[in-house]
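The next block holds one structure in the form of structure tokens; read it before the comments.
Residue numbers (my numbering): 240 to 412.
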């Protein structure tokens, strides 16, 4: 199934942004966080919240630059594809506008471009928090100076969601 074949899904439920590294951990069953992310996905499947992520996540879960040279079985490909066919996932597509926000995040905060795509995607989707286990992204979050700063939450704080309180985001569109 291609993304263009899947109808746009925009939920009125509580929405959280999930960084690509979280999907990698679930698919690879990496501890200590894999079980936490699985519980988050289960909450979404029950309709308690909507998971938002960038379409870049589809590329990142393949394992980075070296992944292009790794031969995958049809079963492995199907497993990865199934994870992203959940109706509880809302996708943020890359666009020119998003590219400008990414560029500014990179320039102003010296953040890696992949991480900047996720931060910009959360800003565009008006998501008040990003969940990740990426230490580099968390470090940059603590130093960020951009006006659209979004809290980047390290695990296991996801267990406390949605009881946590988050700031109101400015309108960036």
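Glycine included, every Cβ here is placed at the ideal spot set by N, Cα and C. Small disclaimer: the values here were computed from a predicted structure and weren't measured.
Exercise for review: Over the uninterrupted alpha helix (DSSP H) stretch that includes residue 322, give me the two end residues.
Suggested key: 313-322
Check your understanding: In the DSSP assignment, what residue or residues form a beta bridge with residue 293?
Key -> 331
Practice item. Please report how far the alpha carbon of residue 413 lies from the alpha carbon of residue 265, in whole angstroms. Key: There is no way to answer for residue 413, as the model of the chain reaches only from 240 to 412.
Check your understanding: Among 326, 327, 373, 359, which has the Cα closest to the Cα of residue 185?
Key -> Here the chain has residues from 240 to 412 only, and residue 185 is not among them.
Check your understanding: Over what stretch of residues does the alpha helix (DSSP H) that includes residue 278 continue unbroken?
Key -> 273-284
Point to revise | Among 261, 374, 290, nearest to residue 252 - alpha-carbon criterion | key: 290
**Study point:** Spatial distance of residue 281 from residue 363 (CA atoms)
**Key:** 25 Å
Review point. Just the Cα atoms here: how many angstroms apart are residue 292 and residue 254?
Key: 10 Å
Exercise for review: Sort out for me which residues DSSP pairs residue 254 with in a bridge.
Suggested key: 289
**Study point:** Range covered by the alpha helix (DSSP H) that runs through residue 267
**Key:** 259-267
Review point. Since residue 295 and residue 267 are thought to touch, with beta carbons under 8 Å apart, how far apart are those beta carbons, to the nearest angstrom?
Key: Actually they are not in contact, since the Cβ atoms of residue 295 and residue 267 sit about 18 Å apart, beyond 8 Å.
Review point. When burial is assigned at 16 or more other CB atoms within 10 Å of the CB, is residue 368 buried or exposed?
Key: buried
**Study point:** Chain-order list of residues whose beta-carbon lies under 7 Å from that of residue 344 (same chain, five-residue window excluded)
**Key:** 350, 355, 358, 359, 385
Review point. Would residue 314 be called buried (16 or more neighbouring beta carbons within 10 Å of its own) or exposed?
Key: exposed
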